[in-house]
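Q: Take the sequence shown: its position 225, counting from 1, is numbered 224 in numbering that gives the first Met the number 0, and each next residue is one higher. Backbone N, C-alpha and C define an ideal beta-carbon position, used for all residues, glycine too. One structure is given below, represented as structure tokens, and several questions about it will come after.
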Amino acid sequence: MSNGLLRRCLLLPVSEHAHAAELLSQAADALLRHDIPQAARLIAQSNFPALNDYRRAIVGPLNYEIHRQTRYPVYERVQRDRAHHMPGAAITRNVLERDGYRCRFCSSRVIVKEARRVFMKAFPDAVKGAGKNTGVHAAIETLKGSIDHLLPFQRGGNNDLENLVTACSPCQFGRAHFLLAEVEIEDPRKYPPINDSWDGLVRLRGFKADSVADAIRFKRGGGSDSASNIARQPEMAIAEDKAE
Ligand SMILES: [Zn+2]
Numbered sequence: 000m001s002n003g004l005l006r007r008c009l010l011l012p013v014s015e016h017a018h019a020a021e022l023l024s025q026a027a028d029a030l031l032r033h034d035i036p037q038a039a040r041l042i043a044q045s046n047f048p049a050l051n052d053y054r055r056a057i058v059g060p061l062n063y064e065i066h067r068q069t070r071y072p073v074y075e076r077v078q079r080d081r082a083h084h085m086p087g088a089a090i091t092r093n094v095l096e097r098d099g100y101r102c103r104f105c106s107s108r109v110i111v112k113e114a115r116r117v118f119m120k121a122f123p124d125a126v127k128g129a130g131k132n133t134g135v136h137a138a139i140e141t142l143k144g145s146i147d148h149l150l151p152f153q154r155g156g157n158n159d160l161e162n163l164v165t166a167c168s169p170c171q172f173g174r175a176h177f178l179l180a181e182v183e184i185e186d187p188r189k190y191p192p193i194n195d196s197w198d199g200l201v202r203l204r205g206f207k208a209d210s211v212a213d214a215i216r217f218k219r220g221g222g223s224d225s226a227s228n229i230a231r232q233p234e235m236a237i238a239e240d241k242a243e
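Here it is in structure tokens:
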């Protein structure tokens, strides 16, 4: 049962959060210098099953220990124009930058959607969107950054900067339309954002990923160490890494 104490997030991050962010950052650098096999290897290495376990525990069925709720919130839905649900691109960028590209709840480093799209386009076999049943990349899906309304939109929250925070995918979707107090989570605005050298991989904005995917397609059927083969065999890549 709940002890009534407020907490920062639904479930504390695991060590793989930081490790995956580091590997994906190195993958971004490898892509930018067009070292495609190395980028593919790093993306495969960062695909930690523990991150899928973490995310599924939060976004899956309600668990009182995590969600502090046994059912979805019951509330008077505020009638809103859905067109104004999400803030525009400029506000989104402001919030992400203000928050140091970190989830304001669990402090995990997050990846901007443009970087996620570059990875998906460059390595479609290794990085699939959330709608796919299999092959969702554990790290890229879990560290996906988004903008969260502290007072949920459906409960009257607006797109003022003070109501918006950067959130990772599990923190965003795990809270759903609950108020912070309803899930016993502290107001993250009590803590300043962490601003360090982490850039959310915004440096991949504008990167032409099509040429990478084309190059991999061209190579397909070739040698066993082609980038696409490496990207499709994450376990093997991890095993090789540990053996070194
Ligand atoms: Zn989070």
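1. Any heavy atom of ligand 1 closer than 8 Å to the beta-carbon of PRO192?
2. Kindly indicate the opening and closing residues of the beta strand (DSSP E) around ALA166.
3. SER145 lies in the alpha helix (DSSP H); which residues open and close that run?
4. Tell me which same chain residues have a C-beta within less than 6 Å of the C-beta of VAL13, skipping the five on either side of it?
5. Measure the Cβ-Cβ separation of SER45 and LEU30 and say whether it is below 9 Å.
6. Starting from ARG101, follow its DSSP beta bridges and name the residues at the other end.
7. Please report the straight-line C-alpha distance between ALA20 and LYS218, rounded to a whole angstrom.
8. When you measure from the CB of SER14 to every non-hydrogen atom of ligand 1, does any distance come out below 8 Å?
9. Below 8 Å, can you find three or more Cβ-Cβ pairs linking the segment 95-103 to the segment 189-196?
10. Is there at least one non-hydrogen atom of ligand 1 closer than 8 Å to the beta-carbon of ALA166?
11. Which partner residues of LEU127 appear in the DSSP bridge assignment?
12. For a quick check, are the C-beta atoms of GLN171 and ARG76 less than 9 Å apart?
13. Using alpha carbons as the reference points, say which of ASP124, LYS143, ALA89 and ALA125 lies closest to VAL109.
14. Assuming LYS218 is part of the alpha helix (DSSP H), what are its boundary residues?
15. I'd like to confirm the pairing. Which residues does DSSP put opposite ILE57 in its beta bridges?
16. Near GLY222, what residues of its chain come up, given a Cβ to Cβ distance below 7 Å and the 5 sequence neighbours on each side ignored?
17. Using CA atoms only, rank isn't needed, just tell me which of ALA56, LEU11, LEU163 and PRO187 is closest to ALA89.
18. Helix, strand or coil for ARG40? Go by DSSP, reduced to three states.
19. Is ARG7 helix, strand or coil by DSSP?
20. May I ask you to check if the CB of PHE104 is nearer than 8 Å to at least one heavy atom of ligand 1?
A: So, from the listed chains and residues:
1. PRO192 Cβ: outside cutoff for every heavy atom of ligand 1.
2. Run containing ALA166: 163-167, per the beta strand (DSSP E) assignment.
3. SER145 -> not in any alpha helix (DSSP H); beta strand (DSSP E) instead, spanning 144-148.
4. ALA49 and TYR53
5. no
6. ARG108
7. The straight-line gap from Cα to Cα measures roughly 28 Å.
8. no
9. yes
10. It does: the Cβ of ALA166 is within 8 Å (strictly closer) of some heavy atom of ligand 1.
11. For clarity, residue 127 is Lys in the given sequence; the question names Leu instead. Bridge partners of LYS127: VAL135.
12. Not a contact, by the Cβ cut-off of 9 Å.
13. LYS143
14. Element bounds for LYS218: 209-218.
15. In the DSSP output, where bridge partners are listed per residue, ILE57 has none listed.
16. Any reading at GLY222 must be qualified, since the residue scores a pLDDT of 46, below 50, and its modelled position is unreliable; the value itself is stated next. Counting only Cβ-Cβ distances below 7 Å, and skipping sequence neighbours, we find nothing.
17. LEU163
18. helix
19. coil
20. A heavy atom of ligand 1 is found nearer than 8 Å to the CB of PHE104.
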